[in-house]
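Sequences listed follow chains A and B, in order. The numbering of the first sequence is my numbering, which starts it at 17 and goes up by one. The numbering of the second sequence is my numbering, which starts it at 387 and goes up by one. Even for Gly, the Cβ is constructed at its ideal location relative to N, Cα and C. Take a look at the structure set out below.
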Amino acid sequence: MSILVFIEHKDCVLNKTSLEAITAAQSIGKDLGLKVTAVIPCDKDCDLVQEIAGYDLEKVIVAKNEKLGTYTPDAYADAWEQVIKATNPQYVVMAHTYQVRDFAPKVAARLGREVVGDCIRYTAESGKLVLTRRIFLGKLDADVTLGGDAPYFVTFQSGAFRGDNAEKGTAAVETMDVNVGDVRMTPEAPFQEAKASVDLTKSEIIVAIGRGIKSQENIAIAEQLAEALGADIAASRPICDSEWLPIDRQIGSSGQTVAPKLYIALGISGAIQHIVGMKNSGTIVAINKDAEAPIFDIADYGIVGDLFEAVPVLTEEIKKAKG
Amino acid sequence: MKIIVLMKQVANKDAVLRIGPDEKWINETDVAQQTNESDGYALEEALRLKEAKGEGEVVVCSLGSQSAKTVIKDALARGADRAIHVVADDANKLSPYQIAKAIADAIRDENADLVFAGLQSDDASYGQTGVILAELLGIPHATIVIEVDRGSLGDTLRVKRELESGWYQWFTYKLPTLLTIQSGISQIRYASLKGIMAAKKKEIRDVTPSIEAFAGAQTIQKVYMPLKTKQTQMLGNGDAKAGAVELVEKLKTEVRVI
Ligand SMILES: Cc1cc2nc3c(=O)[nH]c(=O)nc-3n(C[C@H](O)[C@H](O)[C@H](O)COP(=O)(O)OP(=O)(O)OC[C@H]3O[C@@H](n4cnc5c(N)ncnc54)[C@H](O)[C@@H]3O)c2cc1C
């Protein structure tokens, strides 16, 4: 019995969250007495093999088929189905990336299973895992158990485990030729939108607004604060979705990742997709009227209250302090 | 052309959540409800696609208690043509596979050309109902779709998927197919007065699902407030203005940015 861990890559360039998945799988393996095998879908003897074989794993399996060169959910589902049927794993562990969200539930469903997704930690109780997931956009945690027989599919949130804690070792390498049936979608090449006109990654101070700002007109009060501080304006996704600010101001998993000296979050709840884009900021300030808002979990300073009361005072006091 | 749009009623984003007596979900009574955010965008995109094509039918499907009628009526007022309500109380006790199975049974005979869903719900956030449904219906799927090339609609459809960190990718899908829609795909219209009046005459078909036990189901054992990991200095003690004054002091003496 073993644990399979998915190695995600694009043209044989590793997606680093896969190392977090290796760490998670190794940890579960120790707790449950299971060996870990890495699985790399690829159209060739993947260039990544040697790098991954340098981790403490029982085996690295390259699931090979010419249709696995560019990701498609159909090809990946077919490949995974065969690897799972051939190896009979107890657990299948993956990082909760956009690609995994796309194909993992399909593989699980085909095998009459579902995915316990986006977990933040686990405990092992009498030989089985209890997984913790964030629900209600980060406001609550839920402990979840898995039903039925193996294999159990588990994905972990980015940052739940540290990639640099993955233990090194040597693993055997095996190629498994897999069959891929009809692929009902045709991918084009991935691309980035025209270069963002604002590069927030270089900002020293960021004032970020969320849905709590309520209307486009109200953005002015955040801009005044930003001006007083010499800061750049950024936003959570709903603000950009509403086109109140352009998309190149968006912070988070589908926007920019920043680490300024100071990040002030105004009316932002702190959903994980936002937090991954700013959690490495030097100092985080959160102003939110909800004392339970998850943003306070990562804030150094917090003000529970109405941002429309706090921000004008803040701006005035900063101006005074700066003279 | 027929598009089915899956829509779910969830707790309002600003609602104060209380944990229910069994500690397995929130106490839903007295919690304001709303349409799940990305589902609203899914409906909007379906309406725009129909308008671009100049013909077709948009059918809303919601699984939930009678209270989900609010979501359905709002969708009809915005322009959906009719609705299927898969009536299930305590839907929060169902696992994603069970939900997808009940919906599959309810819509299979519709033989839709397209099925749209939001990319995940803002309550349980399983993020897989759409994908499982596609597998059960035997049709392909794309998740996190942020643009639909409406002009390309024919036997195939070209859609843009959001990847991480500002990357995107176009895919062309044979129809029928299922798309899970990302928030922000296009600006959502409000229901007009005319739309609200017209909605009153639109069909809402209630379906009672036969929900089967599912061995592989995940089960929530306990919900609780997240454990705090960081020591946050709380300022102002509930007084926002006092907090602002204290914060400036901290920015001066501790953070040293002023
Ligand atoms: C695949 C995927 C990708 C995503 N990518 C991103 C991304 O890149 N970036 C991103 O930000 N999100 C992203 N999201 C969305 C994310 O899940 C959240 O929905 C979003 O971050 C919420 O934004 P918010 O905090 O502004 O809004 P909400 O969650 O609605 O929070 C608003 C907050 O404002 C507070 N508030 C309201 N009024 C006031 C007031 N007067 N004074 C003070 N506080 C007030 C409320 O208490 C609340 O906490 C993504 C989601 C998915 C599924």
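Is residue i near ligand 1, judged by its Cβ being under 7 Å from some heavy atom?
i      : result
K305/A : yes
S285/A : yes
G228/A : yes
R253/A : yes
I151/A : no
G293/A : yes
S507/B : no
Q514/B : no
F324/A : yes
D264/A : no
S270/A : yes
D625/B : no
I389/B : no
K399/B : yes
H290/A : yes
A528/B : no
A79/A  : no
On a Cα-Cα basis, can you pick out the residue from the options that is closest to residue i?
i      : options                           : result
D535/B : D491/B, L565/B and D425/B         : L565/B
F22/A  : G45/A, V55/A, K80/A and G164/A    : V55/A
P169/A : K46/A, G226/A, W96/A and E209/A   : A quick correction: the sequence has Phe, not Pro, at residue 169/A. Answer by Cα proximity: W96/A.
A500/B : G524/B, A584/B and Q484/B         : Note on residue identity: the sequence assigns Leu, not Ala, to residue 500/B. Nearest of G524/B, A584/B and Q484/B to L500/B, Cα basis: G524/B.
K399/B : D306/A, V327/A and A326/A         : D306/A
D476/B : R464/B, V531/B, I458/B and S451/B : S451/B
S252/A : G128/A, T273/A and A242/A         : T273/A
M393/B : S448/B, R434/B, K587/B and E423/B : S448/B
R117/A : D491/B, S511/B and A492/B         : S511/B
S551/B : L162/A, T161/A and P206/A         : P206/A
D159/A : L20/A, A166/A, N234/A and D134/A  : D134/A
K487/B : A599/B, A454/B, I530/B and K638/B : A599/B
V396/B : I597/B, A601/B and D509/B         : D509/B
L384/A : K335/A, T39/A and A250/A          : For residue 384/A there is no data in the structure shown, the boundaries of chain A being 17 and 339.
K455/B : V531/B, E441/B, G440/B and V472/B : V472/B
S578/B : L429/B, V609/B, R464/B and K388/B : R464/B
I319/A : K636/B, V641/B, G622/B and K638/B : G622/B
D625/B : E82/A, K335/A, V199/A and L330/A  : L330/A
A93/A  : I489/B, M583/B and E521/B         : E521/B
I582/B : D467/B, D425/B, G504/B and G406/B : D467/B
T618/B : M294/A, A111/A and V301/A         : V301/A
Along chain B, in chain order, which residues have C-beta atoms closer than 7 Å to that of residue i?
i      : result
V320/A : M620 and G624
R265/A : None at all; the shortest Cβ gap to chain B is about 12 Å.
K277/A : V643
Report the neighbours of residue i on chain B: residues whose CB is nearer than 9 Å to its CB, in chain order.
i      : result
K122/A : Q514, V517, I518, A520, E521 and H527
F312/A : K614, K616, T618 and M620
Would you mind telling me which residues of chain A sit closer than 9 Å to residue i, beta carbon to beta carbon, in chain order?
i      : result
I606/B : R149, I151, A158, D159, V160 and T161
T558/B : M201, T202, P203 and E204
Y554/B : P206, F207, Q208 and E209
M611/B : K155, L156, D157 and E308
V631/B : V329, L330 and E333
S578/B : In chain order: nothing, as chain A lies at least about 20 Å away.
Round the Cβ separation of residue i and residue j to the nearest angstrom and send it over; I've been treating them as touching at under 8 Å.
i      : j      : result
I136/A : A176/A : 5 Å
A528/B : F557/B : 6 Å
V132/A : R150/A : That belief does not hold up - the Cβ atoms of V132/A and R150/A are roughly 12 Å apart, past 8 Å.
T634/B : K277/A : For the record, residue 634/B in the displayed sequence is Val; it is not Thr. That pair is no contact at about 16 Å.
P310/A : G286/A : 4 Å
Starting from the beta carbon of residue i, find every residue of chain A whose beta carbon is closer than 8 Å, and list them in chain order.
i      : result
S569/B : R253, P254 and D257
E548/B : Y114 and S270
A474/B : Those do not exist, as A474/B stays about 17 Å from chain A at its closest Cβ, beyond 8 Å.
Q573/B : S258 and E259
K636/B : Y317
A603/B : E130, G163 and G164
S596/B : Going along chain A, no residue has its Cβ under 8 Å from S596/B, so there is no contact; the nearest lies around 18 Å.
Along chain B, which residues have their Cβ under 8 Å away from the Cβ of residue i?
i      : result
F172/A : Correct list: empty, because the minimum Cβ distance to chain B is about 14 Å.
K338/A : I644
R126/A : E521
R349/A : This structure cannot speak to residue 349/A, because chain A is shown only from 17 to 339.
Please list the partners that residue i has in chain A, where partner means a Cβ-to-Cβ separation under 7 Å.
i      : result
P482/B : E130
K627/B : E325, A326 and V329
Contact list for the stretch 501-512 of chain B against chain A, Cβ threshold 9 Å: For the stretch 501-512 of chain B, residues whose beta-carbon sits nearer than 9 Å to a beta-carbon of chain A comprise L505, Q506, D508, D509, A510, S511 and Y512.
Quick one, which residues of the stretch 394-411 of chain B are near chain A if we go by CB-CB under 8 Å, in chain order? A397, K399, D400, V402, L403 and I405
Taking a Cβ distance cut-off of 7 Å, strictly less, list which residues of the stretch 214-230 of chain A are near chain B, in chain order. The stretch 214-230 of chain A vs chain B, Cβ under 7 Å: I221.
With 7 Å as the limit, tell me which residues of the stretch 69-95 of chain A have their beta carbon closer than that to any beta carbon of chain B; keep them in chain order. P89 and D90
At a Cβ cut of 7 Å, what residues of the stretch 98-114 of chain A count as close to chain B, listed as they run along the chain? Listed in sequence order: T113 and Y114.
Using a Cβ-Cβ cut-off of less than 7 Å, give me the residues of the stretch 278-307 of chain A that come near chain B, in sequence order. Correct list: L278, T299 and V301.
Going along the stretch 528-544 of chain B in order, which residues come within less than 9 Å of chain A, judged by CB to CB distance? A528, T529, I530, I532, T542 and R544
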